[in-house]
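Q: Here it is, the structure, as structure tokens.
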Amino acid sequence: MVILGIDPGYATVGYGVVRYDRARFSPVRFGAITTPAGMEFSARLRMIYEDVCSVMDRSAPQALSIEQLFFTNNKTTAIDVAQARGVILLAANQRGIPVYTYTPMQVKQSVVGYGKAEKRQVMEMTRQLLGLEKVPRPDDTADALALAICHGHWSGSLLAYKR
Numbered sequence: 095m096v097i098l099g100i101d102p103g104y105a106t107v108g109y110g111v112v113r114y115d116r117a118r119f120s121p122v123r124f125g126a127i128t129t130p131a132g133m134e135f136s137a138r139l140r141m142i143y144e145d146v147c148s149v150m151d152r153s154a155p156q157a158l159s160i161e162q163l164f165f166t167n168n169k170t171t172a173i174d175v176a177q178a179r180g181v182i183l184l185a186a187n188q189r190g191i192p193v194y195t196y197t198p199m200q201v202k203q204s205v206v207g208y209g210k211a212e213k214r215q216v217m218e219m220t221r222q223l224l225g226l227e228k229v230p231r232p233d234d235t236a237d238a239l240a241l242a243i244c245h246g247h248w249s250g251s252l253l254a255y256k257r
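If you read the sequence shown in the numbering used here, its first letter stands for residue 95, the second for the next number, and so on.
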């Protein structure tokens with residue numbers, strides 16, 4: 095199975111494509127989509143949409159794993175990230191790619207085995223599971239790869255859910 099993990103944002107969108115086969119993960123491609131701070135917001139959304147479409151078209155994922163959004167303090171940031179997440183979901187829907195959402199705790203549990211693991215633990219385990227020399231940068235990229243790994247682990251479970 096080819097899984098695309100995405101850590102949504104509007105300044106930086108991390109993405110990671112992994113192949114999951116016989117309980118083993120291998121990296122296919124990963125990186126980050128960045129948009130300039132001074133760019134009009136609607137243009138940033140278009141840039142995210144087009145770049146995500148390109149990643150999806152090159153990788154042909156069978157599933158999209160994306161983080162469920164949780165914001166308590168900055169409502170403006172939450173709304174902007176939600177809009178970016180919306181264009182990502184649109185791109186997946188247009189391509190018939192099923193979307194699965196996971197909480198940060200589910201990702202930590204799946205990758206490290208402990209739902210309250212620290213970020214550096216998740217990043218290091220992601221590196222190890224994918225056989226990479228170093229932790230991918232920026233952090234959004236490592237987070238996206240962890241989301242893809244999470245879906246690989248959860249996909250065989252009855253606890254996996256689709257949204």
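Note that the Cβ used here is the ideal one computed from N, Cα and C, for glycine as well.
1. Does the Cβ-Cβ distance between F135 and L239 come in under 9 Å?
2. For S204, which residues from the same chain have a beta carbon less than 7 Å from its beta carbon, with the 5 sequence-adjacent residues on both sides left out?
3. Out of curiosity, what's the CA-to-CA distance linking T171 and I191?
4. Compute the beta-carbon to beta-carbon distance between A117 and P232, rounded to the nearest angstrom, for a pair I have assumed lies under 8 Å.
5. Anyone know if the C-beta pair for I207 and P121 falls short of 9 Å?
6. So who's on the other strand from D115, going by DSSP bridges?
7. So, at 8 Å on beta carbons, what are the nonlocal neighbours of M95 in its own chain, with the 5 sequence-adjacent residues on each side left out?
8. Going by C-alpha to C-alpha distance, which of L241, L223, E227, G103 sits closest to L139?
9. Since G108 and T235 are thought to touch, with beta carbons under 8 Å apart, how far apart are those beta carbons, to the nearest angstrom?
A: Let me spell this out:
1. Taking a C-beta distance under 9 Å as the contact criterion, F135 and L239 do not qualify as a contact pair.
2. Within its own chain, the residues whose Cβ lies closer than 7 Å to the Cβ of S204, once the five positions on either side in sequence are excluded, are I243, C244, H247, W248, listed in chain order.
3. The straight-line gap from Cα to Cα measures roughly 27 Å.
4. A Cβ-Cβ distance of about 28 Å is found for the pair A117 and P232, leaving them out of contact under the 8 Å criterion.
5. Here the sequence assigns Gly to residue 207, which means Ile is not the residue at that position. Not a contact, by the Cβ cut-off of 9 Å.
6. Paired residues: R118.
7. Excluding sequence neighbours, M95 sits near R113, Y114, D115, Q156, A157, G246, S249.
8. Selected option, being the one with the closest Cα: G103.
9. Contact check for G108 and T235: beta-carbon distance about 4 Å, within the 8 Å limit, so the pair qualifies.
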